Structures are given as C-alpha cells and as structure tokens.
Amino acid sequence: MNDDSPILEIKNLHAAIDGREILKGIDLTVRGGEIHAIMGPNGSGKSTLAQVLAGHEAYTVTDGSVTFRGHDLLALPPEDRARQGVFLAFQYPLEIPGVANTYFLKTALNAIRKHRGLPELDAMEFLALIRQKMKLLEVDPALLQRAVNEGFSGGEKKRNEILQLAVLEPHLAILDEIDSGLDIDALKTVALGANAQMIAADGSRRDDRAMVLVTHYERLLNYIQPTHVHVLYKGLIHESGGPDLARDLEREGYARFGFEDELAGTGAR
Amino acid sequence: MTGLVAADRLGLEPFLANRVGHEPAWLVAIRREAAARFAERGLPDRHLEDWKYTSLTALGELPLSAPVPDLAGIVVTPARALQAAGLSDWDGPVAVFVSGRLIPDASRLGDLPAGIHVTGLSDRISAPAVADLLKRPLRSDDGLADLIRALAIDGAVVEVADRTVSERPLLLLFLSLPGAGPAAVHLRNLFLFGKQSQVQIAEVHAALTGLDASGEKDARAEGTRAAHLSHQISQFQIDAGAVVTHTVLQREDPGCVYVGRLEAEVGRDASWTSNALSVGAELARWDLHVNLADDGACTILNGLYLEADRQHVDFHTTIDHAHPHTTSRELYKGVLDGSATGVFNGKVLVREGAIKTVAQQTNRNLLLSDAAQINTKPQLEIFADDVKCSHGATIGQLDAAALFYLRSRGLSEDDARRLLLYAFASEVLAFVPEPMSRALSGILLKRLPAQGDFQEVSR
Ligand SMILES: Nc1ncnc2c1ncn2[C@@H]1O[C@H](COP(=O)(O)OP(=O)(O)O)[C@@H](O)[C@H]1O
Ligand SMILES: [Mg+2]
Chain A
1 MNDDSPILEI KNLHAAIDGR EILKGIDLTV RGGEIHAIMG PNGSGKSTLA
51 QVLAGHEAYT VTDGSVTFRG HDLLALPPED RARQGVFLAF QYPLEIPGVA
101 NTYFLKTALN AIRKHRGLPE LDAMEFLALI RQKMKLLEVD PALLQRAVNE
151 GFSGGEKKRN EILQLAVLEP HLAILDEIDS GLDIDALKTV ALGANAQMIA
201 ADGSRRDDRA MVLVTHYERL LNYIQPTHVH VLYKGLIHES GGPDLARDLE
251 REGYARFGFE DELAGTGAR
Chain B
270 MTGLVAADRL GLEPFLANRV GHEPAWLVAI RREAAARFAE RGLPDRHLED
320 WKYTSLTALG ELPLSAPVPD LAGIVVTPAR ALQAAGLSDW DGPVAVFVSG
370 RLIPDASRLG DLPAGIHVTG LSDRISAPAV ADLLKRPLRS DDGLADLIRA
420 LAIDGAVVEV ADRTVSERPL LLLFLSLPGA GPAAVHLRNL FLFGKQSQVQ
470 IAEVHAALTG LDASGEKDAR AEGTRAAHLS HQISQFQIDA GAVVTHTVLQ
520 REDPGCVYVG RLEAEVGRDA SWTSNALSVG AELARWDLHV NLADDGACTI
570 LNGLYLEADR QHVDFHTTID HAHPHTTSRE LYKGVLDGSA TGVFNGKVLV
620 REGAIKTVAQ QTNRNLLLSD AAQINTKPQL EIFADDVKCS HGATIGQLDA
670 AALFYLRSRG LSEDDARRLL LYAFASEVLA FVPEPMSRAL SGILLKRLPA
720 QGDFQEVSR
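So the protein lines, in turn, are chains A and B. The letter at position 172 of the first sequence is residue 172 when you use this note's numbering, and the numbering goes up by one with no holes. The letter at position 334 of the second sequence is residue 603 when you use this note's numbering, and the numbering goes up by one with no holes.
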C-alpha cells in the first residue's frame, strides 16, 4: 500500500438481501485521519453498508468494489477483514452466554496480533492491558467476568463494543448507531473511546486510522467531530459535505432533502 | 427368539457352574428365574414403546455371557487406570474396576474419608442391606434387566455411614477390555447413603486399551472397533436428609454398546443430583429412574451428550413424584454432528396426592449437520392438583448471528464454532464437580481457540 492511498475506497457498491437490492451504488472514500458521519433516516441502508463492509454473508454484493488499504476487501472472509484492521461496533451487539468477556477479548486480540506477526499476550499481559483500557474508558471491571453481553444493559453493551475497539485498535472503525439508547455518561465514555482511537500518543491525529460513524441523530456529533458528513437515503448517498451539513440537518431535518424519517411516521417522500 | 436359543446365548449353566459354592442359594435362584424370564422375552426391540428409536441389533450374535474374566495377567496401576479414564492428574481416592471386578492394586482407597466404604459386590453379598437390595425387583423391567439379574458378575458397593460429610468426590473407574475380556459385561452397582450424609461420587466408564498384560503397547490401539457390551445397573438408596451428587462420564471406545441404568430412591428431604455425560460408544442407552419416595425429596438431573459420525444416544428419564413437596429439575443438552442420532424421552409422573410438586424439564439440542437427528419427547402424567410442572425442548443450529459477531472480531470460523459449542455445553459443566469437569472440559477445550482453562472461558 502506498502512503497516500485511502484507508477505504467504495465504488458503485450495490448489495442485496433475499434478492432485494438495498444499496444502489455507494461511492465513498475515507482517508487516514478522517472521521466520516453517515446519516439518514431509518431503513436507508446504513446498517446494511456497515454489515457488508464487515463481511456479513447474508448480503450479496451485486456490483461495485471496496478497497481497504490497497486490498480487495470483498474477497476476504469476516475474520480476515478483522485481522487486517476492520472493526464494526454492532448496532445490536450479540449475547454469547457461557463465554467470559475477558476470554473473548483475549482470544480476539491474540487472533489479530498473530496475524500481524506480533507475539500473543499471556493472561497477565492481557490483564494489564485491559485494566488500563477499562480505566481510561471508566468501564466497570465486573463486565470482564460476565458472559459476553449477556444481560448487559443497552449502555453496557455499547461500552463493551468501545472497549473492544480500544483493545483491538483497528485501522478502520465503523460504529453503527453507537449512540442509540445511551444516557449522557455512557455517551461520553463512547466518545472518549472513539476519540482516543484517532489520537496518537503525542496528541496528533493518527493518519493510519479512520472512522465511519453511522448515526440516526446528530447528538453524537457534538462529542465526536466528523470531518465529513454524508446523507444516505434509499441506498444512495444524496449529499456530502463538512460538519456544517450535520448542523443544517439538525436545524431543518431530513425534509430539506424531500424525505422524512420513516421512524417519525410521516412517510413523506 | 426361542427360549432355547436365548438360553444358549446366555451360557447360563456354565456360568452358574463357576459360581457354585461362591453364592448363596437365593442368588442362584434369582439368576435362574431371570434367565427363564429372558428366554421368554429376549432383548428389548422396537415393539416396545421405550425402544422405538433405539435398536440393539448392533449386538448381533454377540455372546451375552462369558466366563468370569481372567485378570491374572493384567497389570493395572492407579496411574495407568487414571490415564485410561483421562484423569491423570487426579490425586484423590479412586476405586478401579476392570470388567467389573475391583482391583485393589490399581485402587487408592487408603485415604477414603471415614464413613465411606467401597467393596466389590461379590465380596459383599452377605451383608443384609446388600442382600436386601439384590432381592428387591428392579425398576427397569425388560430383557436387559433380566440379563443383569441373571448374569451380573460383579460391581461396586459403596456404603456411606449416617452424617458422613465429604467435599472431595470418590472416583470409581470402570474399565473394559475390548477385544480381550468378555464380549459382554453385566454389572450391578449398589450405593447406600446414610441419613444426612453429604458426598459426591464420580464415575468414568472407558476402555483400557493400548496395553497388553505386560504393560507393553499392543495391537489394540485406541479406536479399535471391537464389538462389546458394557451394561450396568446402579441402584441408589438415599436416606433422609442426605445430599448426594453422582457424576458419570461415559467415554467408551467406538465399538462399544453402552447401557447405563440409574435407579434412585430418594428419602425424606434428601436430594440426589445426577450428571450424566455421554461422549463415547457407538450406541449409548441411558435410563434414569428416580423415585421421590418421601416428602421433600428432590432430584436434579443434568445431562450432556456429544455425538458424531454414526453414534447413537438415547436418554430415557422417569421421575416419580410419589409424595407431596417433591421437586425435580432436569437439564439435558446435546450436540449432534455427522449422521449421529439421539433420543430424549423425559417422563414425569406426579401421583395423586403429591401436592406442591415442582417439576421442570429442559432438553436443548444443537444439530451441526443435515444428517444428524434428534427425537425429543416430554411425557408428563399429572394426577395431583396444586403442582407446578413445565417442560421445554429445542432443536437448533449454531446461532449464525453470534458466529458472525465472533468472526468479525478475528476468530476463525472453526474457532468461533468451537467457542459457541463450548458455551452451549458449559451450562451443564457448571454443575459437574472436579475432577470430572476438568476432564470433560479438557475434551472440549482441546479444540478451543486458545489454550484456555475451564474457569477462564466460562462466565
Ligand atoms: N437481514 C435483512 N433481511 C431483510 N431485509 C433487511 C435486512 N437487513 C436490512 N433489511 C432491509 O434493508 C433496508 C435497510 O435497512 P438498514 O440497513 O438496517 O437501514 P438503517 O440502518 O439505515 O436503518 C430496510 O428496508 C430493511 O428492512
Ligand atoms: Mg441501522
């Protein structure tokens, strides 16, 4: 990969599920150091885009390409995408009863370290790392001993996703509705984790990392400043701009584009 | 089958000839009567409701009786026996039975807690409590039960004195000698728990393969398919207030037909927990019959079966709520791969007057391939008012969404599958005491993503 090639380059991406086309020609380029917000009403295809990037097999890519740090992302199974540095924070994190959160995190981290040619961490080294991350994110250490997401509150699940992000340190973090259902404290934690992901030890912005924030509401963008904002509707990006676009949306709503949030029940087109 | 053929196949007379002078007349009479009964009805087959989905035709023309095994040349040490059972690091008390016979040299019974006695059945027949149990009819009533009553050569007797309390399990190893010992082994084990005793018993049933008499490796390598029958009935008498946990791990070799029957009488305010773990044998049939025989009696039955290739497993459980305020809870979980087949039949009988009975039954199955099959059936028969009975059964595949979640974090598809399987099984493992939980999780963990430890993986 040469240095000025983007982290993520999506060209004319079409994807379908059960024979129904959801993404209808997405173009998106994300470079190192950038934070892109993808906004749009419910049902637009935001989660579909996120899941396709992570490699969910239920979705079929019918056209287009996705290049991740110079590699054909679509050719890889989900685990290889993760190992190369793609991370998706799920809108609905899964519960895995019977598997301790700490074991899950350690196994994931070591799978990725192994792929990168780094030595695997033993239990003690891992514990030291995770303690430091938990302290930074103010995550309750009790979450480590519980089964992955089992019986976690909505906020705990989202904090746990951010903890995974902080431990796995991907090149590309896709956060799908990471802000939904969070109280202000949890939202701050999530923002802290997300921002830390983008900042190097010397305080400068990391140009080997990028982030895609999928969000339904603008609230999150008060805590994580995007560099780019896109509006997705019915499987297409209708408008792209800077942070101002999010502010306009907040003021005017999606009506400005001639459509309404389907969730709001207006049903207008 | 005609009576003559059946009796011939049993080889009863030569068998009895060997025992003349060793056994009391009443026992010989029981053997003759049971053999005659077997001649009438033979092995159970699909005409019996309880054998609808399980066929013993795998036994073929196997002789059902054989002379008492000559163990003179077999050298078994505790270490060798524990290794065969997969429990090499167990340093607690252990009683080793080879083809049903207690081998003192292979056992470690010196450090048994006071109040616990282990003997071989053949040495203990004259004890009144033992004789009394042997004379009583069995709960199991079919041709297999006849075989046990006619041909049982030996087995374990565990007697626990009133108020004996011991944290550490007593380990019993039942080792078979496929290809060398008798083709069929019929055992009777008797467990007598005194009032308010609190003990744990753990059993492993496995093949003693890979060694000949002199301890050298021989042709009977692991995995040899020598057809043999491992057949046992264990009776448990649990006196008032006793709290007993009994765990069996069945990891017989692939040529084995395993029949394990557990019959428990649970007294007033007493409790019997059974953990039945079935991973070996080509066919394993389990019958558990629990009689909650007095007020406040309680039983907890847990089971885990892991089947692959063409293995078949069948769990039949019967809980008899004969008295008020009795409680039962069942949790059976199974994983079936390849063209493995399984049966779970859970009968709960609540007799008239057994008010305030609580009975809960759960059977969950994961099918990992299209060819794998499970037949699961609850059978609730309730003749009392004011009871709480529930049951639930599920058959499903590994959760695709959870698999994707794990893979999206870098776990390979194989590792993600294994982790989910382990998670599924761990709900049962949580009930299993050491050293069994360690052995069993060892079997499961061998294939986990990282070298984990049971405590570490589990929530
Ligand atoms: N697994 C699925 N099966 C069927 N339809 C789906 C599935 N996932 C998404 N869809 C459909 O695709 C469209 C876009 O959904 P989604 O990507 O979840 O939108 P968003 O995240 O923007 O709310 C919706 O019409 C939804 O019903
Ligand atoms: Mg969504």
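C-beta: ideal position from N, C-alpha, C; glycine also. Quick caveat, the model's predicted, so the values are computed rather than measured.
Taking residue i as the query, report the chain A residues whose CB atoms sit under 7 Å from its CB, ordered along the chain.
i	result
residue 688 of chain B	99
residue 673 of chain B	56, 78
residue 680 of chain B	79, 107, 108, 111
residue 696 of chain B	98
Please tell me whether, using a cut-off of 7 Å, the distance from the CB of residue i to the nearest non-hydrogen atom of ligand 2 is below it.
i	result
residue 179 of chain A	no
residue 629 of chain B	no
residue 91 of chain A	yes
residue 176 of chain A	yes
The beta strand (DSSP E) that contains residue i, what's its start and end?
i	result
residue 295 of chain B	Premise fails: residue 295 of chain B lies in the alpha helix (DSSP H), 294-310, not in any beta strand (DSSP E).
residue 556 of chain B	552-561
residue 530 of chain B	525-535
residue 176 of chain A	172-176
residue 574 of chain B	567-576
residue 458 of chain B	453-462
residue 597 of chain B	596-605
residue 633 of chain B	627-636
residue 583 of chain B	581-590
residue 544 of chain B	540-547
residue 283 of chain B	Unbroken run through residue 283 of chain B is the alpha helix (DSSP H), 281-288; no beta strand (DSSP E).
What in chain A is Cβ-close to residue i, meaning under 8 Å?
i	result
residue 676 of chain B	55, 77, 78, 79, 82
Residue i lies in the alpha helix (DSSP H); which residues open and close that run?
i	result
residue 51 of chain A	46-54
residue 107 of chain A	101-115
residue 195 of chain A	184-198
residue 82 of chain A	78-84
residue 347 of chain B	347-354
residue 161 of chain A	154-168
residue 131 of chain A	123-137
residue 145 of chain A	142-145
residue 245 of chain A	243-252
List the residues of chain B whose Cβ lies closer than 9 Å to the Cβ of residue i, in chain order.
i	result
residue 164 of chain A	678
residue 144 of chain A	Those do not exist, as residue 144 of chain A stays about 10 Å from chain B at its closest Cβ, beyond 9 Å.
Quick one: list the residues of chain B neighbouring residue i, beta-carbon separation under 7 Å, in chain order.
i	result
residue 88 of chain A	677
residue 94 of chain A	670, 671, 674
Identify the contact partners of residue i in chain A, using a Cβ-Cβ distance below 9 Å as the criterion.
i	result
residue 693 of chain B	97, 98
Should residue i be listed as close to ligand 3, given that the test is whether its C-beta is under 7 Å from any heavy atom?
i	result
residue 101 of chain A	In the structure on display, ligand 3 does not appear, and the ligands it does have are ligand 1 and ligand 2.
For residue i, decide whether its Cβ has a neighbour in chain D, counting only Cβ atoms nearer than 8 Å.
i	result
residue 628 of chain B	Protein chains A and B are contained in the structure displayed, whereas chain D is not.
- [ ] Please determine if the region 208-225 of chain A and the region 169-176 of chain A are in contact, where contact requires at least 3 C-beta pairs separated by less than 8 Å.
- [x] yes
Task: Residues proximal to ligand 1 by C-beta, any heavy atom closer than 5 Å - done: A/17, A/22, A/42, A/43, A/44, A/45, A/46, A/47, A/48
- [ ] Tell me, please, whether the region 189-202 of chain A touches the region 222-230 of chain A by the rule of three or more beta-carbon pairs shorter than 8 Å.
- [x] yes
TODO: Evaluate contact between the region 4-22 of chain A and the region 66-74 of chain A, counting only Cβ atoms and requiring at least three cross-stretch pairs below 8 Å.
DONE: yes
Task: the region 652-659 of chain B in contact with the region 27-46 of chain A per 3-pair CB rule at 8 Å - done: no
TODO: Decide if the region 588-596 of chain B is in contact with the region 431-441 of chain B; the criterion is three or more beta carbon pairs, one per stretch, under 8 Å apart.
DONE: no
Task: Inter-stretch contact at 8 Å, needing at least 3 Cβ pairs: the region 524-534 of chain B / the region 498-514 of chain B - done: yes
- [ ] Could you tell me whether the region 183-191 of chain A touches the region 11-20 of chain A, where touching means 3 or more Cβ pairs closer than 8 Å?
- [x] no
TODO: Report yes or no: do the region 81-92 of chain A and the region 153-166 of chain A share at least 3 C-beta pairs separated by less than 8 Å?
DONE: yes
TODO: Answer yes if the region 667-687 of chain B comes into contact with the region 108-125 of chain A, meaning at least three C-beta pairs across the two stretches below 8 Å, and no otherwise.
DONE: yes
TODO: Count the C-beta pairs between the region 646-653 of chain B and the region 666-676 of chain B that are closer than 8 Å, then say yes if the count reaches three, no if not.
DONE: no
Task: Three or more C-beta pairs below 8 Å linking the region 504-519 of chain B and the region 687-695 of chain B - done: no
Task: the region 567-574 of chain B contacting the region 541-551 of chain B, beta-carbon criterion three pairs below 8 Å - done: yes
Task: Three CB pairs or more closer than 8 Å across the region 46-66 of chain A and the region 112-126 of chain A - done: no
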